[in-house]
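These protein sequence lines map, in sequence, to chains A and B. So the first sequence is numbered by our numbering: it starts at 1 and just counts up by one. So the second sequence is numbered by our numbering: it starts at 1 and just counts up by one. Don't be surprised by glycine CBs; every beta carbon is placed ideally from N, CA and C. Keep in mind it's a predicted model, so treat the numbers as computed, not measured. Taking it in order: structure first as structure tokens, then the write-up.
Number of protein chains: 2
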Amino acid sequence: MSKAAAKREQILDRLADFLLAEGLGAASLRPLAAAAGTSDRMLLYYFKDKDEILAGALERTAARLTAALEMSEITPRSRAQLEAEMLALAGSPVLWPYMCVWLEVAALAARGDPLCRAVGHRVALGFQAWIAARLAIDGPVARDAAALGLLRTVEGAIFLRSVGLG
Amino acid sequence: MSKAAAKREQILDRLADFLLAEGLGAASLRPLAAAAGTSDRMLLYYFKDKDEILAGALERTAARLTAALEMSEITPRSRAQLEAEMLALAGSPVLWPYMCVWLEVAALAARGDPLCRAVGHRVALGFQAWIAARLAIDGPVARDAAALGLLRTVEGAIFLRSVGLG
DNA sequence: CCATTTATGAAGCAGTCGCTACATAAACTC
DNA sequence: GAGTTTATGTAGCGACTGCTTCATAAATGG
């Protein structure tokens with residue numbers, strides 16, 4: 001990996017930290033640069049524009065979420081059991097910041113933002129697959145359908161938790 | 001009602017239109033003022049600051065949603081039937097803009113915004129009560145619990161729809 | 001060692017943000 | 001009709017936005 005690419009990787013890691021801590025709404029160039037230990041000038045030296053910066057940072061954030069989920073040792077079980085575990089997981093200190101970012105992504109996607117739509121869609125599909133792999137249900141069609149239903153429930157819980165309900 | 005209060009009411013109605021059409025993210029003073037047929041100068045003449053403006057506009061928006069829901073002629077029925085009707089309702093051209101605003105509110109609430117937390121909480125409780133009143137389930141405790149569960153599903157569906165899934 | 005590339009700071013641009021000071025016109029009160 | 005209150009435009013403030021220009025230092029390659 002070239003030196004420039006390595007620098008980009010390091011920056012993206014710190015930007016993901018920033019997104020998780022402060023959110024997309026706080027992600028303007030100067031704060032992002034400060035979090036990455038550099039300047040806005042250099043951010044736009046390593047990346048074409050803000051959109052490319054956010055795309056990279058969101059992708060990195062999503063990758064971390066995927067990795068965190070894959071590490072969980074949940075084995076296939078009933079829908080009710082999995083639902084309870086997922087609700088606890090989503091609300092846990094580790095994963096809740098990801099859920100907050102995801103909420104912001106969904107809100108922007110609903111307004112037509114193409115980057116957020118793409119990222120959000122990918123994360124949702126990944127989440128559904130993760131659930132399906134842990135649902136003890138016979139037949140892939142029924143399992144996928146059940147996974148989608150469970151995903152709806154979990155997303156709804158995140159939604160409601162964010163406004164202090166449930 | 002005083003003339004000033006009437007003017008405020010008219011402004012708030014137009015601001016609610018704006019929020020539904022453009023979203024909270026686009027709600028800076030000058031665009032809001034233009035949508036209300038006035039100037040930022042006058043907006044801050046009738047209201048103390050931007051926060052009071054948004055609080056009023058969000059309250060008006062929530063009131064409209066409540067009124068729209070109350071107009072529905074759905075009578076008590078099974079959970080599965082009500083779920084199907086609510087999913088169609090939430091995705092309908094009339095109500096979807098409200099859901100988009102609500103998503104933005106939830107995202108900001110998750111980041112600690114007190115106004116959005118309060119508004120979002122109130123809307124969620126209203127929604128839950130609306131569902132409970134239309135669920136054919138005996139016993140208020142079980143009915144409220146079922147309403148919360150159905151609300152989760154609907155919110156989750158909104159979440160997923162915003163990223164183009166489901 | 002010189003030339004080219006790569007990296008970085010300092011400054012600034014035009015635009016937007018929420019908000020305010022100053023002015024004045026219009027309406028109302030006595 | 002004088003005086004006070006209410007309503008409104010204009011202009012601007014300082015801070016922030018994404019981004020660029022100009023300069024230059026540092027590293028790299030011949």
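Classification of residue i by the beta-carbon crowding that lies within 10 angstroms, buried from 16 upward
i	result
V154 of chain B	buried
G156 of chain A	buried
E104 of chain B	buried
M71 of chain A	exposed
R161 of chain A	buried
A107 of chain A	buried
A21 of chain A	exposed
R134 of chain B	buried
G139 of chain B	exposed
A27 of chain A	buried
A80 of chain A	exposed
R30 of chain A	exposed
Test item: CB-CB of residue i and residue j under 7 Å
i	j	result
A16 of chain A	V163 of chain B	no
R41 of chain A	G23 of chain B	no
I74 of chain A	E85 of chain A	yes
M126 of chain B	T66 of chain B	At residue 126 of chain B the sequence reads Gly, which differs from the Met that was named. A contact, by the Cβ cut-off of 7 Å.
W130 of chain B	L58 of chain B	no
L19 of chain A	V101 of chain A	yes
A147 of chain B	A132 of chain B	yes
L43 of chain B	A33 of chain B	yes
F159 of chain A	F159 of chain B	yes
A168 of chain A	M99 of chain A	Given that chain A is displayed from residue 1 to residue 166, the structure contains no residue 168 of chain A and the question cannot be resolved.
L165 of chain B	Q128 of chain B	no
Range of the contiguous alpha helix (DSSP H) that encloses residue i
i	result
S162 of chain B	140-162
L54 of chain A	50-71
A118 of chain A	114-132
F18 of chain A	3-22
P97 of chain A	96-110
P93 of chain B	Element bounds for P93 of chain B: n/a, residue is neither H nor E.
R77 of chain A	Unbroken run through R77 of chain A: none, as it is neither H nor E.
A35 of chain A	29-35
L44 of chain B	40-46
(message) Assess contact between the stretch 85-97 of chain B and the stretch 135-155 of chain A, defined as three or more Cβ pairs (one per stretch) separated by less than 8 Å. Is contact present?
(response) Flag = no, the stretch 85-97 of chain B and the stretch 135-155 of chain A do not touch.
(message) Does the structure place the stretch 5-15 of chain A close enough to the stretch 28-42 of chain A that three or more beta carbon pairs sit under 8 Å?
(response) At 8 Å Cβ cutoff, the stretches touch.
(request) Name, going along the chain, the residues of the stretch 77-89 of chain B whose beta-carbon falls closer than 9 Å to a beta-carbon of chain A. (result) Look at the stretch 77-89 of chain B: it has no residue with a C-beta under 9 Å from a C-beta of chain A.
(request) Evaluate contact between the stretch 54-67 of chain B and the stretch 110-129 of chain B, counting only Cβ atoms and requiring at least three cross-stretch pairs below 8 Å. (result) With a cut-off of 8 Å, the stretch 110-129 of chain B and the stretch 54-67 of chain B count as touching, because enough Cβ pairs lie within range.
(message) At a CB distance below 8 Å, what residues from the stretch 131-154 of chain A approach chain B? Give them in sequence order.
(response) From the stretch 131-154 of chain A, only L148, G149, L151, R152, T153, V154 have a Cβ closer than 8 Å to chain B.
(request) Below 9 Å between beta carbons is the criterion; list the residues of the stretch 107-127 of chain B that meet it against any residue of chain A, in chain order. (result) Residues passing the 9 Å Cβ filter: A107, L108, A109, A110, R111, C116, R117, A118, V119, G120, H121, R122, V123, A124, L125.
(message) Tell me which residues of the stretch 17-39 of chain B have at least one Cβ-Cβ distance to chain A shorter than 7 Å, keeping chain order.
(response) Cβ contacts with chain A come from G23, G25.
(request) Report the residues of the stretch 94-108 of chain A with a CB closer than 8 Å to any CB of chain B, ordered along the chain. (result) Residues M99, C100, L103, E104, V105, A106, A107, L108.
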